[in-house]
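A.B. asks: Here it is, the structure, as structure tokens.
Number of protein chains: 2
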Amino acid sequence: MKPSTIDLKAIIRAEGLRYTNQRESVWQELQSSDDHRDAEDIYFSLRQKGINISRATVYRTIEVLVKNNLVRKLDLGDGKNRYECKWDAAHHDHLICTECGKIVEFMNDQVEGIQSDIAREYGFSLSYHIHQLFGLCEDCR
Amino acid sequence: MKPSTIDLKAIIRAEGLRYTNQRESVWQELQSSDDHRDAEDIYFSLRQKGINISRATVYRTIEVLVKNNLVRKLDLGDGKNRYECKWDAAHHDHLICTECGKIVEFMNDQVEGIQSDIAREYGFSLSYHIHQLFGLCEDCR
DNA sequence: AATTATGTGAGATTCAATATCAATAAGGAA
DNA sequence: TTCCTTATTGATATTGAATCTCACATAATT
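Protein sequences, first through last, are from chains A and B. Take any residue in the first sequence, note its place counting from 1, add 184, and you have its number in the working numbering. Take any residue in the second sequence, note its place counting from 1, add 184, and you have its number in the working numbering.
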């Protein structure tokens with residue numbers, strides 16, 4: 185699905201929320217750049233572009249986007265939440281270089297299957313998972 | 185390996201560090217109870233037992249234990265680091281109930297193998313990983 | 001255009017974790 | 001044992017991400 189085909193206004197309003205310039209700005213900003221960005225980063229980018237928005241609104245808007253599955257929250261272990269648009273990619277997880285911070289996305293259907301098996305074994309109904317591999321990338325080792 | 189067989193003094197001193205009561209206390213406390221505890225929790229437990237130790241020292245000592253592989257740091261997504269002794273268990277990961285917070289440990293050699301394959305494919309040398317499944321446990325769904 | 005409830009902004013607040021730095025004590029040397 | 005050097009500790013301040021507060025602004029309906 186292409187980003188442009190997602191109508192934030194429709195989604196927002198279907199939730200009974202109001203469509204605002206700030207919400208659209210955050211959504212645009214998240215789509216306009218590399219993934220794995222954090223809230224502070226989004227905030228400063230928008231300010232730099234002359235868009236008037238507050239820190240609180242950035243955080244609140246991201247939360248709305250996450251709740252509506254437009255954005256996925258990532259915890260890459262560096263103490264702040266990161267976010268990625270997930271509209272154009274199949275489910276993937278992350279390899280992270282502990283030296284240079286490089287993030288590589290990987291996909292593996294086999295693991296997904298095993299996860300379901302494990303959940304079933306313990307009587308859990310799965311809603312999401314975190315699967316991250318940390319180590320040194322080719323360049324850093 | 186039984187906990188009692190681990191000689192913290194020897195390990196600490198082999199690192200060129202000094203063996204102190206505070207470091208021993210934190211190590212004992214981590215072993216004496218359920219796993220998945222956080223630093224604040226350890227701090228209060230020790231204080232309650234009449235052991236004089238500061239918050240800073242608890243944090244610092246845990247860091248030492250982690251660096252020496254006596255303790256594993258967990259990020260279960262609730263905004264604080266948790267720790268577990270790993271001396272008596274094979275490697276395992278976690279299933280977490282998003283409703284009641286229950287934590288279940290699971291082991292799966294197949295996933296471990298696949299992780300190695302993925303790392304090799306992308307030229308990474310793996311040092312550790314995070315693999316957590318979130319959902320509702322039997323009781324909560 | 002008027003109404004009203006939701007959304008926003010600026011700043012205060014929270015909370016985990018880290019930094020600072022003077023005082024303390026571990027451990028080697030004599 | 002006593003002395004010394006230096007790592008460690010404790011009390012407190014500070015950081016940084018994220019959330020909360022509440023007066024004001026504004027979207028959307030009438």
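All residues carry an ideal CB built from backbone N, CA and C; glycine is no exception.
Is A:G319 helix, strand or coil when you go by DSSP?
C.D. replies: Here residue 319 of chain A corresponds to residue number 135 of the first sequence, with the count starting at 1. Strand, per DSSP.
A.B. asks: So is A:N252 in contact with chain B if we call contact Cβ pairs under 9 Å?
C.D. replies: One-based indexing of the first sequence puts residue 252 of chain A at position 68. At a cut-off of 9 Å between beta carbons, A:N252 makes no contact with chain B.
A.B. asks: Is B:P187 close to chain A, meaning its C-beta is less than 9 Å from at least one C-beta of that chain?
C.D. replies: What you label residue 187 of chain B is simply residue 3 of the second sequence in a count that begins at 1. With a pLDDT of 46 at B:P187, under the threshold of 50, the modelled position of this residue cannot be trusted; read the value that follows with caution. So no, B:P187 is outside the interface.
A.B. asks: Is it buried or exposed, A:A274, if we count other Cβ atoms within 10 angstroms and call 16 or more buried?
C.D. replies: Residue mapping note: residue 274 of chain A aligns to position 90 of the first sequence, counting from 1. A:A274 comes out exposed.
A.B. asks: Quick one: Cα of A:K139 to Cα of A:A240, how far?
C.D. replies: Nothing about residue 139 of chain A can be reported from this structure: the residues present for chain A run from 185 to 325 only.
A.B. asks: Could you give the distance in angstroms between the alpha-carbon of A:R304 and the alpha-carbon of A:L310?
C.D. replies: By 1-based counting over the first sequence, the position of residue 304 of chain A is 120. By 1-based counting over the first sequence, the position of residue 310 of chain A is 126. Approximately 9 Å between the Cα atoms of the pair.
A.B. asks: Going along chain B, which residues have a C-beta under 9 Å from A:Q215?
C.D. replies: To locate residue 215 of chain A, count along the first sequence from 1; it is residue 31. What A:Q215 touches in chain B: nothing, since even the nearest Cβ is about 25 Å away.
A.B. asks: Grouping DSSP H, G and I as helix and E and B as strand, with all else coil, what is B:E199?
C.D. replies: On the second sequence, position 15 is the one that residue 199 of chain B refers to. In the three-state reduction of the DSSP assignment, B:E199 falls in the coil class, being assigned neither a helical nor a strand state.
A.B. asks: At the 9 Å Cβ level, is A:I298 part of the contact set with chain B, yes or no?
C.D. replies: Taking the first sequence and counting its residues from 1, the one referred to as residue 298 of chain A is at position 114. Chain B, which has a Cβ nearer than 9 Å to the Cβ of A:I298, makes this yes.
A.B. asks: So which residues on chain B does A:I159 lean against when the C-beta distance must stay under 8 Å?
C.D. replies: Residue 159 of chain A lies beyond the range of chain A shown here (185 to 325); nothing can be said about it.
A.B. asks: Note down the Cα distance separating B:P187 from B:Q215, rounded to an integer number of angstroms.
C.D. replies: Working through the second sequence from its first residue, we reach residue 187 of chain B at position 3. Working through the second sequence from its first residue, we reach residue 215 of chain B at position 31. A caution first: B:P187 carries a pLDDT of 46, below 50, which makes its placement in the model too unreliable to give a value.
A.B. asks: Quick one: is B:C181 buried, meaning 16 or more other Cβ sit within 10 Å of its Cβ, or exposed?
C.D. replies: Given that chain B is displayed from residue 185 to residue 325, the structure contains no residue 181 of chain B and the question cannot be resolved.
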